[in-house]
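Residue numbers (the working numbering), protein chains in the order written: chain A, 225 to 609; chain B, 225 to 609.
Just so it is clear, CB atoms sit at the ideal spot from N, CA and C, and this is done for glycine as well.
One structure is given here, and the rest of the page talks about it.
2 protein chains.
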Amino acid sequence: MKNFVYHNPVKIVFGKGSIAQLGSLVPATARVLITYGGGSIKRNGVYDQVCRALGSHRVCEFSGIEPNPRYETCMRAVTLARAEKTDFLLAVGGGSVLDGTKFIAAAIPYASGDPWKIVSQGRPTAVATPLGCVLTLPATGSEMNGFAVISRDSTQEKLAFASPYIYPQFSIMDPETTYSLPPRQVANGIVDAFVHVAEQYLTSGPPAPLQDRQAEAILATLIEQAPKVLSQPQDYDTRANLMWCATQALNGLIGCGMTQDWSTHMIGHELTALYGIDHAQSLAIVLPAVWRNRRSAKAAKLAQYGRRVWGLHDADGDALVERAIAHTQEFFEAVSVPTRLSAYGIVAAEAAEKVSERLRVRGAKLGEGEAILPDQVRTILEQCG
Amino acid sequence: MKNFVYHNPVKIVFGKGSIAQLGSLVPATARVLITYGGGSIKRNGVYDQVCRALGSHRVCEFSGIEPNPRYETCMRAVTLARAEKTDFLLAVGGGSVLDGTKFIAAAIPYASGDPWKIVSQGRPTAVATPLGCVLTLPATGSEMNGFAVISRDSTQEKLAFASPYIYPQFSIMDPETTYSLPPRQVANGIVDAFVHVAEQYLTSGPPAPLQDRQAEAILATLIEQAPKVLSQPQDYDTRANLMWCATQALNGLIGCGMTQDWSTHMIGHELTALYGIDHAQSLAIVLPAVWRNRRSAKAAKLAQYGRRVWGLHDADGDALVERAIAHTQEFFEAVSVPTRLSAYGIVAAEAAEKVSERLRVRGAKLGEGEAILPDQVRTILEQCG
């Protein structure tokens, strides 16, 4: 096990009816800016619940934070927040609203020039406006971590940043708010959580058997619950299980002491930035190809994954590894997230060329041990046709 | 899944050499009281590492916190801390030192009469002196929770209390500090962690499949690592795995949304208070008997436990349940923690009478659904002979 530091101060308030506790979680004297997305929270009743729970708090609001939240949009919220002297941000929505709000939180007090540097320089910010969250979409884990991913139109970039100051002070998670999600968002969330686990677990570092089993626990539960949520979207327990799986997938716990990878995310971000496909779609395309490309380095863990998560006890060696990868790909396809570039109308050879060139310019070295160079990314994407 | 709140702000600093980070974790201007036990930290070099890391911090110290830390001992530390104007406590040792220090932290600012009320009234304290921890014994999970258990000589009581203010601000966990532990303490720690998981997992509440698998992950890892640590006490990875298992067993995570039991602990505390046997010894005696007594209510989970944790795929029904319990008992015996009262020179009929009478006086109702009344405790203990 590698040395590690784990510190996750987010207070999780989980369960049906929990939005009603919002009034006591947001400081009574705060000047609150509520941030949200395209308005689904007005159709499904969440907005009304939030307003009721906030009672006499002073609030203003900013809507229109889009999927893959854009720097340009967030900066409009920063201008509003500064004008309103906002001192507490409340993100109501999914991971994109929350990631956007984390950037807004870091940008409001930022005084060192262009706030894009918060993202592009990759250094943790030293201060941020406090924030809380009402989560309505289980997927990114952003409700219990200090990460955010922001896109910028003018440069077609999609970059992540981290800071100990952007952990939400609390996250309210009511599974009933997820009943009305479109199936595509539910499926994307399942794939996103699955790949978050894979990036931390499917590696070849020093042994950490508890963390391995904690990761396998999430994967097995996602595989078990996925068909249920698609066939019975109003089943409370299924929604609750998925919601908690997505949080556990990226709150730092299963990554403690582990070698991590994240090459699938880095390559996927480029596909989303270039072609506008959903984040989870990009992951479903790239993960199996990365595993096939790195199968010799990852062979032992892929075999363990095949046996423990997929119950493949009648195979061994290369056959076991290939079946483990194939099962993963079939799982993504079964929740209707295609795993081939062609399914999204993208020509593999062109994507391979463009993405590898962008990564070459940045001098990128991806994955565990920084073993995946841009040329290898080209090979990986050529095989995703 | 039941509604829940999860909030665990402890910063974990884990790994070899991590005590060196102490100087930056304790506030530079603090007046520190170092608390410890019988002096093993002076023999194994931990005390020297702590002093070196604290450098120019202002420190004084209090030694002699014993296993099952006593109110009377802790109150002497409170007197010292008040005289020295201590504003930061640093516990160096195992769960007993840490639990004692948590009580000291709550008692220093306590101004509502007899500080024993902090424990006996079962209400969370509203304030405490900040504390940190250097853990040297994996067992209780106290390094990452807001619980403590304190004993009082004059009344032969052993009681738990909880408060959000007694979470350590940080816990440093260096597995190398555990190399020199006596085998009995190592074995006790394994049993303690195992039973902590069992109290939260072996229940019959609404389904929570991720939490089930997270609990099974800890149990399986404890079973896998236990023989290794006893045969190779200097193996770093094994020590690290056990240490992290014990923390995860009682940091609140696996109990999220779960019905919990804790009857084994409540009965075990009485045995320790009356007969002075180790905490883990009391648990090893009581757990199998509680399971046999409550086997119909817990049948489904006991069967799942037997299949998933012990791999008992060739049995079913009552036979599966009995084998799952028997395997547990054999596991405790295999790490040299006897599971019969007679092995400790205790007459079962007498213990059954005394413990059930003490619980009757307190009006105790134990376990999930408060289903275990004092008469049933008598039956349970009579079967532990």
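Classification of residue i by the beta-carbon crowding that lies within 10 angstroms, buried from 16 upward
i, result
"Ser375/A", "buried"
"Tyr403/A", "exposed"
"Glu259/B", "Correcting the residue type first, residue 259/B is Thr in the shown sequence and not Glu. Classification of Thr259/B: buried, given that the 10 Å Cβ count is 16 or more."
"Gln273/B", "buried"
"His281/B", "buried"
"Glu357/B", "Reading off the sequence, residue 357/B comes out as Cys, not Glu. Buried, by the Cβ-count rule."
"Asp540/B", "exposed"
"Arg267/A", "exposed"
"Asp398/A", "buried"
"Ser242/B", "buried"
"Thr603/B", "exposed"
"Cys298/B", "buried"
"Cys367/B", "Before going on, a small fix: residue 367/B reads as Glu here, not Cys. Flag for Glu367/B reads buried."
"Arg463/A", "buried"
"Ala543/B", "exposed"
"Glu574/A", "exposed"
"Leu518/B", "The amino acid at residue 518/B is misidentified as Leu; the sequence shows Arg. Answer is buried; the Cβ neighbour count reaches 16."
"Asp502/B", "buried"
"Thr310/A", "buried"
"Thr445/B", "buried"
"His537/A", "exposed"
"Arg456/A", "The sequence shown places Gln at residue 456/A, rather than the Arg named in the question. Flag for Gln456/A reads exposed."
"Leu270/B", "A small correction: the amino acid at residue 270/B is Val; Leu does not occupy that position in the sequence shown. Val270/B comes out buried."
"Asp599/B", "exposed"
"Ala569/A", "One detail in the question is off: residue 569/A reads as Gly in this sequence, not Ala. Exposed, since its Cβ has fewer than 16 Cβ neighbours within 10 Å."
"Arg214/A", "No statement about residue 214/A is possible, as the shown extent of chain A runs from 225 to 609 and does not include it."
"Ser566/B", "exposed"
Residue i: CB within 7 Å of a non-hydrogen atom of the ligand NAD
i, result
"Lys522/B", "Among the components modelled here there is no ligand, and therefore nothing to report on the ligand NAD."
N- and C-terminal bounds of the beta strand (DSSP E) containing residue i
i, result
"Arg282/A", "Arg282 to Phe286"
"Met397/A", "Phe394 to Met397"
"Leu605/B", "That residue, Leu605/B, is in no beta strand (DSSP E); its alpha helix (DSSP H) goes Pro598 to Glu606."
Range of the contiguous alpha helix (DSSP H) that encloses residue i
i, result
"Val321/B", "Gly319 to Ala331"
"Thr445/A", "Pro433 to Ser455"
"Tyr568/A", "No alpha helix (DSSP H) holds Tyr568/A; DSSP gives it neither H nor E."
"Val229/A", "First-last for Val229/A: Phe228 to Tyr230, but that is the beta strand (DSSP E), not the alpha helix (DSSP H)."
"Lys341/B", "Trp340 to Ser344"
"Gln409/B", "Pro407 to Tyr425"
"Arg294/A", "Run containing Arg294/A: none; DSSP gives neither H nor E here."
"Met490/A", "Ser487 to Tyr499"
"Ser248/A", "Leu246 to Leu249"
Beta-bridge pairing of residue i - partner residues as DSSP gives them
i, result
"Cys469/A", "Partner(s): none; Cys469/A has no beta bridge."
"Leu583/B", "Its beta-bridge partners do not exist; DSSP assigns none."
"Glu381/A", "Arg376/A"
"Cys357/B", "Ala315/B and Ser395/B"
"Lys235/B", "Phe394/B"
"Glu595/A", "First, the amino acid is wrong: residue 595/A is Ala here, not Glu. Answer by DSSP bridge pairing: none, since Ala595/A is not bridged."
"Ala386/B", "Phe371/B"
"Leu590/B", "Ile596/B"
"Arg255/B", "Arg282/B"
### Query
Listed in chain order, which residues of the segment 462-489 of chain B have Cβ atoms closer than 8 Å to some Cβ of chain A?
Interface annotation for the segment 462-489 of chain B against chain A: Ala464, Asn465, Trp468, Cys469, Gln472, Leu477, Cys480 and Gly481, criterion Cβ-Cβ distance under 8 Å.
### Query
the segment 518-529 of chain A: which residues have C-beta closer than 7 Å to a C-beta of chain B, in chain order?
Here the close residues number zero.
### chain B contacts from the segment 227-243 of chain A (Cβ-Cβ distance under 9 Å)
For the segment 227-243 of chain A, the beta-carbon criterion of a distance under 9 Å to any beta-carbon of chain B is satisfied by Asn227, Phe228, Val229, Tyr230, His231, Asn232, Pro233, Val234, Lys235, Ile236, Val237, Phe238, Gly239, Lys240, Gly241 and Ser242.
### Task
Using a Cβ-Cβ cut-off of less than 8 Å, give me the residues of the segment 418-431 of chain A that come near chain B, in sequence order.
The residues in question are Pro430 and Pro431.
#### Entry: Length at least 4, wholly inside the segment 257-281 of chain A: the alpha helix (DSSP H) runs in chain order
If you keep only unbroken alpha helix (DSSP H) runs of at least 4 residues inside the segment 257-281 of chain A, you get 264-267 and 270-278.
### Query
Got a sec: which bits of the segment 386-403 of chain B sit with their beta carbon under 7 Å from any beta carbon on chain A, in order along the chain?
Within the segment 386-403 of chain B, no residue has a Cβ that lies closer than 7 Å to any Cβ of chain A.
### Task
Ignoring anything shorter than 4 residues or poking outside the segment 501-555 of chain A, list the alpha helix (DSSP H) runs there in chain order.
Counting only runs of 4 or more, we get 503-517 and 523-534.
### Message
Output needed in chain order: residues of the segment 431-462 of chain A with a Cβ under 7 Å from some Cβ in chain B.
### Response
From the segment 431-462 of chain A, only Pro431, Pro433, Leu434, Arg437, Gln438, Ala441, Ile442, Ala444, Thr445, Glu448 and Asp461 have a Cβ closer than 7 Å to chain B.
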